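Inspection log for the structure reproduced underneath, given as structure tokens.
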Amino acid sequence: MTNEQLQAWVEQISLHSFGVPFRHQASFNSRLRTTGGRYFMKSHHIEINPSQLAVYGQDEVERIIKHELCHYHLHLSGRGYRHRDADFKALLQQVGGSRYCHSLPDGKERKVLPHRYKLICADCGMEYLRKRRVDPSRYRCGQCAGRLRLVTLDNS
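The numbers in my numbering rise by one with no breaks, and the one at position 37 of the sequence shown is 62.
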């Protein structure tokens, strides 16, 4: 789908679901990673994540467009356009937009680091496990404010 097709789609959804025309720019932004779309308050433009369309299809993207159009129309009419506002929640429910978008599958697996270091309090013996190396001279024990010493764990 091209940006021109998206623009026409957003204009059609705006007229059909909100009864008000969308008079600004809608486009795809492939740099979006953690969100389905976004609305810009200064320019009133809307950007949509094309990965949502590729992974979840047109129905899900239509709900995302309705979400962004709720921000758009409420902001332009001077009503509560933020996620926490009652006006936003009511309009979103009325038009059938999605409150949250689905998360996209990550292309790479996240590596979980094992605990490689241990901080031990010299006074009370309290132990703190750490995945990254820290400078013990910059910290004190949370229990007794004693000095800490760093021990490297062998995780073979």
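Ideal Cβ positions, reconstructed from N, Cα and C, are used throughout, including at glycine.
This one's a predicted model, so the numbers in the text were calculated from it and none came from an experiment.
Unbroken beta strand (DSSP E) runs of no fewer than 3 residues, entirely contained in the stretch 51-128, are found at 51-53, 62-64, 71-73, following chain order.
Between residue 177 and residue 141 a beta carbon distance of about 7 Å is seen, short of the 8 Å cut, so the two are scored as contacting. In the structure shown, the three-state DSSP call for residue 154 is strand.
Counting the other CB atoms within 10 Å of its CB gives residue 64 a total of 16 or more, which places it among the buried residues. Of the candidates 167, 158, 147, 157, the residue whose Cα lies closest to the Cα of residue 174 is 147. Cβ atoms of residue 121 and residue 88 come within 8 Å of each other, at about 7 Å.
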